[in-house]
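Heads up: the sequence shown at position 141 corresponds to 141 in the UniProt record's numbering, and the numbers run straight through without jumps. The beta carbon of each residue, even a glycine, is placed where N, CA and C say it ideally should be. Predicted model only: the values in this text are computed from it and were never measured.
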Amino acid sequence: MKATSGMHGRAKRGKGGTGTTVPGWSVLLTQGSGLEPSVDAKAPTLYTYLYELSPLRSIDLARDGVPASAIEVVAQAMDMPVARVQKALNLPASTVARKIKSQENLPVDQSERVIQAMRLIGLAERLVDEYGDPELSQGFDAARWFGEWIEEPNPALGMQKPVELLDTATGAGLVESLLHKMVSGVYA
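Structure (structure tokens):
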């Protein structure tokens, strides 16, 4: 899968930058997708990488644009139809299909929603790594679990499905908060 990015190998820009480089999307989507088994089970996946990024670096990635092909990667990882992911993130299907075909990036607002969904998968991975039973969590597929979990009505969300909230930053924040609360057993 070929993906384009203006950040590939470029130094961090803007105020507060450390001068370090952020891998471009072509590297992230092909080498860090977590779709292929890793020799090191603790090696960060694309999702934990994005979850752990500073807000400024996350903004840089969104401004540069997420390749439209990232939606296919996320949908496959979550074992969801691409159309369902597009609908959940409020991404126009025809525009996305055209951008995938021409290997283009999404605009900033759409990129931000894709990154946020990927960060939520990274949060699930991180929470299982930090709080899960190592024996029980071996082979845990956070993306697939997340894809199933967001489709279930949740009492903490007034019986809405988390997937229904992913199209806004506030809604994604509620979903993130709920994931954190699950760790403490507030909403298991």
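The segment 96-111 makes no contact with the segment 141-151, as fewer than three CB pairs between them are under 8 angstroms. In this chain, the alpha helix (DSSP H) harbouring E130 covers 108-131. With a cutoff of 8 angstroms on beta-carbon distance, L106 and V66 are scored as near each other.
Look at P67 here: in three-state DSSP terms it is strand.
Look at Q76 here: in three-state DSSP terms it is helix. Under a 10 Å Cβ-count criterion, M118 is classified as buried, with 16 or more other Cβ atoms of the shown protein chains found around its own Cβ.
In this structure, Q116 is the residue among Q86, Q116, L127 with its C-alpha nearest to the C-alpha of L174. Taking every protein chain shown into account, the CB of Y47 has 16 or more other CB atoms within 10 angstroms, so this residue is buried. Where A169 is concerned, the enclosing alpha helix (DSSP H) starts and stops at 169-184. Remark: C-beta atoms of E176 and L123 approach each other more closely than 8 angstroms. For Q86, the three-state secondary structure derived from DSSP is helix. Spanning the alpha carbons of I59 and G132 requires a straight line of approximately 30 angstroms.
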